[in-house]
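Here's the structure, in C-alpha cells; my notes come after.
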Amino acid sequence: MNDFQYVRVETLAEASELLAADPDGTRLIAGGTDVIVFMMDQRLRPRMLVDAKRIAGLDHLTANGELALGPFCRMRELERRP
Numbered sequence: 009m010n011d012f013q014y015v016r017v018e019t020l021a022e023a024s025e026l027l028a029a030d031p032d033g034t035r036l037i038a039g040g041t042d043v044i045v046f047m048m049d050q051r052l053r054p055r056m057l058v059d060a061k062r063i064a065g066l067d068h069l070t071a072n073g074e075l076a077l078g079p080f081c082r083m084r085e086l087e088r089r090p
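Going by my numbering, the letters in the sequence shown line up with residues 9 to 90, in that order.
As C-alpha cells, this is what we get:
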C-alpha cells in the first residue's frame with residue numbers, strides 16, 4: 009500500500025476544495041472499505057483520502073409522497089421509518 013494523506017472534512021466546501029486541488033490523486037470516502045481493498049491490491053494509489061462521513065445533512069431521509077435518500081443514509085434508518 010502506498011503512503012497517503014488522510015483528511016477528515018466537515019463541509020462540502022472543504023471536500024470540494026481538496027478534490028479540486030488534486031482530482032486524480034484524491035478519493036472521497038465514507039467508510040472506505042472498497043478503497044482500502046483496492047489500495048492493498050495496488051489497483052488504486054491515491055495521494056489523499058478525504059473522509060466525508062462528518063459532513064452534516066448527507067444522511068437525510070425524507071418521504072413527502074416520494075422517497076429521497078441522502079448519500080450517507082443508513083439502511084437501518086429505512087427500517088425504522090414507517
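Glycine included, every Cβ here is placed at the ideal spot set by N, Cα and C.
Straight across, the Cα-Cα distance linking R35 with L57 is about 5 Å. Annotation: R88 is outside any beta strand (DSSP E); the continuous alpha helix (DSSP H) that includes it extends over 83-88. For M9, the CB contacts under 7 Å within the same chain, skipping 5 residues up- and downstream, are M47, M48 in chain order. In its chain, beyond the 5 residues on either side, V17, E18, T19, L20, A23 have a beta carbon closer than 7 Å to the beta carbon of I63. For N72, the closest of D42, F80, R89, R84 by C-alpha to C-alpha distance is R89. In the three-state reduction of the DSSP assignment, I63 falls in the coil class, being assigned neither a helical nor a strand state. Taken through DSSP and simplified to helix, strand or coil, M56 comes out as strand.
The shortest C-alpha to C-alpha distance from D30 to any of R53, I44, L77, E74 is the one to R53.
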